[in-house]
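Number of protein chains: 2
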Amino acid sequence: MVIEKVRGFRDIYPDEAEPRKKIFAVSENLAELFGFSKIEMPSVESLDLYRTKSGDELVSQCFSFRDRSGREISLTPEATPTVVRMLTSRKDISKPVKWYSFQKFWRYEEPQSGRQREFYQLNADIFGPNSPLADAEVIGLAASILDKLGLNGKYRILLNDRLIMDSLLKSYNITDISKAFAVIDKYRKISTEEFVAKMKEIGFSGGDIKSLLEYLDKQVPIDEAYDFFTDSISERTDRVAVSRFLDLLRILRKYSNDSFYVDLSVVRGLAI
Amino acid sequence: MVIEKVRGFRDIYPDEAEPRKKIFAVSENLAELFGFSKIEMPSVESLDLYRTKSGDELVSQCFSFRDRSGREISLTPEATPTVVRMLTSRKDISKPVKWYSFQKFWRYEEPQSGRQREFYQLNADIFGPNSPLADAEVIGLAASILDKLGLNGKYRILLNDRLIMDSLLKSYNITDISKAFAVIDKYRKISTEEFVAKMKEIGFSGGDIKSLLEYLDKQVPIDEAYDFFTDSISERTDRVAVSRFLDLLRILRKYSNDSFYVDLSVVRGLAI
Chain W
1 MVIEKVRGFR DIYPDEAEPR KKIFAVSENL AELFGFSKIE MPSVESLDLY RTKSGDELVS
61 QCFSFRDRSG REISLTPEAT PTVVRMLTSR KDISKPVKWY SFQKFWRYEE PQSGRQREFY
121 QLNADIFGPN SPLADAEVIG LAASILDKLG LNGKYRILLN DRLIMDSLLK SYNITDISKA
181 FAVIDKYRKI STEEFVAKMK EIGFSGGDIK SLLEYLDKQV PIDEAYDFFT DSISERTDRV
241 AVSRFLDLLR ILRKYSNDSF YVDLSVVRGL AI
Chain F
1 MVIEKVRGFR DIYPDEAEPR KKIFAVSENL AELFGFSKIE MPSVESLDLY RTKSGDELVS
61 QCFSFRDRSG REISLTPEAT PTVVRMLTSR KDISKPVKWY SFQKFWRYEE PQSGRQREFY
121 QLNADIFGPN SPLADAEVIG LAASILDKLG LNGKYRILLN DRLIMDSLLK SYNITDISKA
181 FAVIDKYRKI STEEFVAKMK EIGFSGGDIK SLLEYLDKQV PIDEAYDFFT DSISERTDRV
241 AVSRFLDLLR ILRKYSNDSF YVDLSVVRGL AI
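In order, the protein sequences belong to chains W and F.
Residue numbers 1 to 272, in the working numbering, belong to the letters of the first sequence in order.
Residue numbers 1 to 272, in the working numbering, belong to the letters of the second sequence in order.
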């Protein structure tokens, strides 16, 4: 009897494990160089952790089950809820905290090309300072890893700012921000017609949609960002939020050339 | 609401992750130096894989569950069944094959000090040659890792040979070898009285037990093994098996001083 592997899981043979070793080593070494300390997380958590800390979509993707004593547990689908659990359960650890981890995660999604039910994820967090310097370190680490692997010029990191988007949407008199985010999140995945229809549903007028589309459509290189934000959009966006975001972009130039772009359609990971 | 971690799982904070990184790196680097190629295995398999390839005890320890489509799957409790599955599903890979892996495994056992439900395991296999040289490479890798971590003189690797034990037990007219192994496996965990009672149950006479106990009780340094096997026990053990085992022990001397001992009570991992 031949037992097959489970659907959505991959066997990694030496020819493929070899380049992966390099990716793993570069990632961990750069995280260390950036001053992050390694933590190791359990691969199993109570499903309740995701019910309270993650969105419904993530819970629906959990590789969850009941253990032999009937407890609902889940293979870890993401790092953040565990990192927060670990940090809050140790009152003796003083901030700032810089932690990274590099381990497997699992999601019960339909397997697609390049997207299996089991995958590795590097996670790097800074807890404590509310500073663009801290944001830049985490984003800069991601770019530095890709550059070190020889991918410079072959990828873009798209940046946006939650507070800027809040003020932008409010300038159109939108009150249900989270509904608007949910539509904008789909901007690059659906047709313009569909997008316009959905925006009208949540209260946008035709003229406002046209105005918003102009902003959403651009991917602005970070050295043009100052001009972009001091242009027409400046009347619609919070001055303090823009200033802080521009500080971040200025710091990021040190990390990687030509990799960072402002893209106001990027509103992912906003479970509310 | 505070969500606790799941029983039997550990959070590894930086102070503990730091020395573990060294253990991981030394293990992987030495495996590479010994000429093993890395593979990565899924962390989930069909429970049937263990039903057909492992013993009942292991299946009872599986962290197993039904996924959303009702399939019985399990977190991997050990490496070997997956390694064999991977090898047999690729007819194009020619032997000899030297593979290693270093990843998490899970067992649903009662958590004890130093023994959690989630743990890392280095696995190194050689497929192809039936040679004491291959055996020595795998055993020598284990000793070299421990020595490199500064543990020389602080551990013993206990060695035994299945064919020698078969011939030894047959010399006492024991036919149900697997039952005898199950009792011998407990030799160092139960009292001598209990051991003697159990051996009587499976057909040993009092005099034979006394004779066997003499052999089981010794831990013989490998440079005294030749004398041990050419002593009284030589009449009871298969000459070819002993000769091959002595070959292995001779090769092992190159790897680590004073770490290897012959111990005839070691009969673990013998699912039949």
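Glycine is no exception: its CB is placed at the ideal position from the N, C-alpha and C atoms.
Residue-level contact to chain F via CB, residue i, 7 Å cutoff
i        : result
W/Val6   : yes
W/Ile272 : At W/Ile272, the pLDDT of 44 sits below 50, so the modelled position is not reliable and the matter cannot be decided from this model.
W/Ser60  : no
W/Phe273 : The requested residue 273 of chain W is not part of the displayed model; chain W covers only 1 to 272.
W/Phe105 : no
W/Asp185 : no
W/Phe65  : yes
W/Phe9   : yes
Span of the alpha helix (DSSP H) around residue i
i        : result
F/Ala31  : Pro14 to Leu33
W/Ile174 : Counting along the chain, W/Ile174 falls outside any alpha helix (DSSP H), and DSSP gives it neither H nor E.
F/Asp135 : Pro132 to Lys148
F/Ala197 : Thr192 to Glu201
W/Ser74  : Per DSSP, W/Ser74 belongs to no alpha helix (DSSP H); it is in the beta strand (DSSP E), Glu72 to Leu75.
F/Tyr226 : Ala225 to Thr230
W/Ala241 : Arg239 to Leu252
W/Met86  : Thr80 to Thr88
F/Ile209 : Gly206 to Asp217
W/Ser60  : Asp56 to Ser60
Cβ of residue i within 7 Å of any chain W Cβ
i        : result
F/Glu110 : no
F/Pro19  : no
F/Ile3   : yes
F/Pro96  : no
F/Ser144 : no
F/Ile23  : no
F/Ile126 : no
F/Asp135 : no
F/Ile12  : yes
F/Phe181 : no
F/Phe102 : no
Rounded C-alpha distance that separates residue i from residue j
i        : j        : result
F/Asn29  : F/Ile145 : 9 Å
F/Leu252 : F/Arg51  : 35 Å
W/Leu264 : W/Leu159 : 8 Å
W/Lys210 : W/Lys170 : 16 Å
W/Val240 : W/Phe260 : 21 Å
W/Val84  : F/Arg107 : 26 Å
W/Met199 : W/Val183 : 7 Å
W/Phe245 : F/Ser27  : 44 Å
W/Ile272 : W/Ser178 : With a pLDDT of only 44 at W/Ile272, under the threshold of 50, the placement of this residue in the model should not be trusted; the figure read from the coordinates follows. The straight-line gap from Cα to Cα measures roughly 7 Å.
F/Arg188 : F/Val196 : 12 Å
F/Lys53  : F/Pro111 : 25 Å
W/Phe228 : W/Gln219 : 10 Å
F/Arg250 : F/Lys91  : 35 Å
F/Phe65  : W/Glu118 : 17 Å
W/Ile73  : F/Gln103 : 21 Å
F/Asp67  : W/Ser101 : 27 Å
W/Glu16  : W/Asp161 : 37 Å
F/Gly140 : F/Ala31  : 10 Å
W/Gly35  : F/Ser94  : 44 Å
W/Leu168 : F/Lys38  : 51 Å
F/Leu58  : F/Glu78  : 9 Å
W/Leu213 : W/Met41  : 42 Å
F/Phe127 : F/Ser243 : 22 Å
Residue interval of the beta strand (DSSP E) (run including residue i)
i        : result
W/Arg66  : Ser64 to Arg66
W/Ser46  : Val44 to Ser46
F/Asp161 : Unbroken run through F/Asp161: none, as it is neither H nor E.
F/Ser101 : Val97 to Trp106
F/Ala124 : Glu118 to Phe127
W/Phe260 : Phe260 to Val262
Proximity test, residue i beta-carbon vs the ligand ADP heavy atom, cut-off 6 Å
i       : result
W/Ser60 : In the structure on display, the ligand ADP does not appear, and there are no ligands present to speak of.
Residues of the segment 68 to 86 of chain W with a CB closer than 7 Å to any CB of chain F: list them in chain order, please. Arg68, Ile73, Arg85 and Met86
Closer than 8 Å between beta carbons: that is the criterion. Which residues of the segment 39 to 52 of chain F meet it against chain W? Ile39, Glu40, Met41, Pro42, Ser43, Val44, Glu45, Ser46, Asp48, Leu49 and Thr52
Using a Cβ cut-off of 7 Å, which residues of the segment 216 to 233 of chain W contact any Cβ in chain F, in chain order? none
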